[in-house]
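So the mapping is simple: our numbering equals the position in the sequence shown, first residue as 1, plus 1.
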Amino acid sequence: MTPGVASERPVIDHPAASKDVAGIIDFADVLARKTGAKYVYCTGKFVSRAPDDTEVLSCLALTGEETFSRLIDRYALRYGDGDRRAVVSMWTMYYFSTLMIGAAVSWLELRRVLPLCLDRLSLAVDARSGEPRAFVLSDWGREDEGASVHDAFSDVVREHAEPLIDAIAAQAGVSRKLIWANAAGYLGWIVGEVGRLTDPALAVEGRALLDDPFWPDGWKNPMHGMIRQECGQGGETIDRRRVCCLRYALPGIAGCGMVCPLPQGRN
């Protein structure tokens with residue numbers, strides 16, 4: 002594969018312009034207008050143009066077994082004989098960290114709903130390793146002060162994460178709960194960061210996506226209970242996963258500390 006050449010065309014070449022985001026290539030620039038450098042790690046993650054040295058494919062294509070398996074085969078090379086389930090889990094952590102963090106700061110900080118349905122996004126992966134680098138968006142969405150947090154996250158959770166997680170679990174032999182825990186872990190982290198950096202009330206709002214057993218329409222929340230807030234030995238609050246991500250099974254990868262539900266994964 003030639004670096005920088007897409008294996009599949011992005012959803013569209015450039016986001017639709019609007020008066021406040023016309024010409025924007027990196028959504029981090031929109032975010033920085035209000036938040037400054039608080040979320041500098043979002044730079045280059047939601048873009049209108051794929052970075053150099055990446056391969057671009059539609060997110061919907063990842064539900065196909067051949068496409069996903071080929072991508073994981075490439076990504077797995079760095080881990081040698083590592084457990085393939087752990088390889089898949091690690092790949093999804095890169096994927097869902099970018100997706101959930103971007104969706105959360107966009108809504109909680111800007112009240113902007115981004116177009117994050119599975120069939121409206123493209124994924125830019127490193128052309129050599131297959132590691133997720135960025136999402137290529139079809140447009141920059143809309144501001145919607147009147148939406149609820151569930152309305153704002155419907156696309157990313159129910160029209161993106163759910164069908165993709167179902168497909169990956171079926172193809173790769175990894176449990177749905179493990180992948181949902183990966184998504185929930187990063188959502189919980191960024192919700193806490195927004196509360197710490199801007200307003201604790203925003204964290205309370207965002208925690209509903211993790212703590213409510215059902216959405217307002219009765220849909221069973223697959224992230225409910227995946228991140229448990231526990232009291233540490235020093236009295237600190239620990240967001241502990243319900244399901245281990247298996248990263249400890251990969252050579253050269255450190256454990257995830259006290260958030261891991263397994264003692265062997267805390268090193």
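All C-beta atoms, glycine included, are put in the ideal place defined by N, C-alpha and C.
Judged by DSSP secondary structure, residue 36 falls within the alpha helix (DSSP H) whose first and last residues are 28-36.
Remark: C-beta atoms of residue 55 and residue 125 approach each other more closely than 7 Å. With respect to residue 61, residue 119 sits close: the two C-beta atoms are nearer than 7 Å. Contact check for residue 227 against residue 182 passes: the beta carbons are separated by less than 7 Å. In the DSSP assignment, the residues bridged to residue 135 are 125. In this structure, the alpha-carbon of residue 74 lies about 31 Å from that of residue 29. Within 10 angstroms of the beta-carbon of residue 47 lie 16 or more other beta-carbons, which makes it buried. Distance between residue 121 and residue 69, taken at the CA atoms: about 18 Å.
Rounded to whole angstroms, the separation of the alpha carbons of residue 152 and residue 168 is 24 Å.
In the DSSP assignment, residue 230 is bridged to 240.
Counted as a single uninterrupted DSSP element, the beta strand (DSSP E) harbouring residue 59 occupies residues 55-59. The alpha-carbon of residue 230 is positioned some 21 Å away from that of residue 177. DSSP places residue 66 in the uninterrupted alpha helix (DSSP H) bounded by 66-77. Cβ-Cβ distances below 6 Å link residue 225 to 214 in the same chain, with the five nearest sequence neighbours on each side left out; the list follows chain order. Secondary structure remark: continuous alpha helix (DSSP H) runs of at least 4 residues inside the stretch 148-199, in chain order: 150-157, 163-173, 177-198. In this structure the stretch 92-109 touches the stretch 190-206; the number of beta carbon pairs closer than 8 Å is three or more. For the set 66, 31, 26, 38, the Cα lying nearest the Cα of residue 49 is the one of 26.
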